[in-house]
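Engineer: The structure that follows is given in the form of structure tokens.
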Amino acid sequence: MLGAIILSTCAMTAIVAIRYLMTSGLFALLTSKVRPGLYAGKGAQIRMEIAWSILSAAIYGIPAGLVVWAWRNLGWTQIYTDWSDFALWYLPVSVAIYLILHDTWFYWTHRWMHKPRWFRLAHGVHHASKPPTAWTAMSFHPIEAITGAVVLPILVFAIPIHVAMLGLVLAIMTVMGITNHMGWEMFPRHLVNSRFGNWVITASHHEKHHEQYQCNFGLYFRFWDKVCGTDRGLSDKLLRYESGGTA
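First residue of the sequence shown? That's 17 in this note's numbering, and the numbers climb one at a time after it.
See below:
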């Protein structure tokens, strides 16, 4: 049994690491084509981001491996594979529930990480990326990585979700984590400034967090920032850049 658990955690660590390298690499390549020179002189920073991220992949991989083992061997989780187990309308609802709960957890733990003691101890690693790049999304101190790694494993033991919808949640988490850090806005300005954009986080919103630190703490949505008065709008730097000005 122990051997199977170790194998599962090692496999999930490898999957998380490869997913990070491939996805961040893809968006870094896109950046080099769309915003050439944006990461110029950032070689040492990017190497450090990759090193921290590979360590984070191991921390994310351990609980993920335990979940996969428990799902396949014990049936303890609420992950299901038969489309008929729940009504079809529940598929998007389950994704929304997971994203909302994950966003809530992230907002409050993120604010906690900005308390001076925890920032110096852990979260400062993430903010050492100045400015962030497509490689920054998983660049965490192990303490911070642990706070992020436990969320989905806890949820799958409590809230039913189809395995395909869980995959969608992971894809959204990965893509938004990377695109919100890559230093330029990939979405059209009219979408960012729309009612939809007023509630969903993109690079223009999260970049301001990396500029001012004590604002814009959310992961997917701006709800908690708006409710708690920590929403400071969009990055002036990215707005100028997208308008053709100097970043």
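Think of the CB as a built atom: it goes at the ideal place given N, C-alpha and C, for glycine as much as any other residue.
#1: What does the alpha-carbon distance come out to for the pair A20 and W85?
#2: With a threshold of 16 other CB atoms inside 10 Å of the CB of S100, please say whether the residue is buried or exposed.
#3: So T149 is in the alpha helix (DSSP H); what residue range does that whole segment cover?
#4: Name, in chain order, the residues that DSSP records as bridge partners for F237.
#5: Please name the residue in I113, T149 and S69 whose C-alpha comes closest to that of T195.
#6: How long is the line joining the alpha carbons of H178 and L171, rounded to whole angstroms?
#7: Between L46, I116 and T39, which lies nearest to V216 when the distance is taken from Cα to Cα?
#8: Quick check on the burial criterion: 16 or more other C-beta atoms within 10 angstroms. Buried or exposed for T97?
#9: From the DSSP output, read off the bridge partner residues of I177.
#10: Specify the secondary structure class of A263 as computed by DSSP and reduced to three states.
#11: Out of S48, F173, Y114 and F122, which one is the CA nearest neighbour of L90?
#12: Let me know the secondary structure DSSP gives G59 once reduced to three states.
#13: Assuming A80 and M28 form a contact by the criterion Cβ under 8 Å, report the distance between their Cβ atoms to the nearest whole angstrom.
#14: So, under 8 Å CB-CB, G234 and W240 are touching, yes? Tell me the CB distance rounded to an integer number of Å.
#15: How far does the alpha helix (DSSP H) with C26 in it reach, from first residue to last?
#16: Evaluate the contact criterion for the segment 186-205 versus the segment 219-239: three or more CB pairs, one atom per stretch, below 8 Å.
#17: CB-CB under 7 Å to R127, same chain, minus the five flanking residues each way: which ones, in chain order?
Structural biologist: Short version:
#1: 8 Å
#2: exposed
#3: Looking at the DSSP string, T149 is not in any alpha helix (DSSP H), and its letter there is neither H nor E.
#4: V216
#5: T149
#6: 13 Å
#7: I116
#8: exposed
#9: I95
#10: Note that A263 has pLDDT 47, beneath the 50 cutoff, so the model's placement of it is unreliable and the number below is only indicative. DSSP places A263 in coil when its eight states are reduced to three.
#11: F173
#12: helix
#13: 4 Å
#14: 6 Å
#15: L18 to V50
#16: yes
#17: F233
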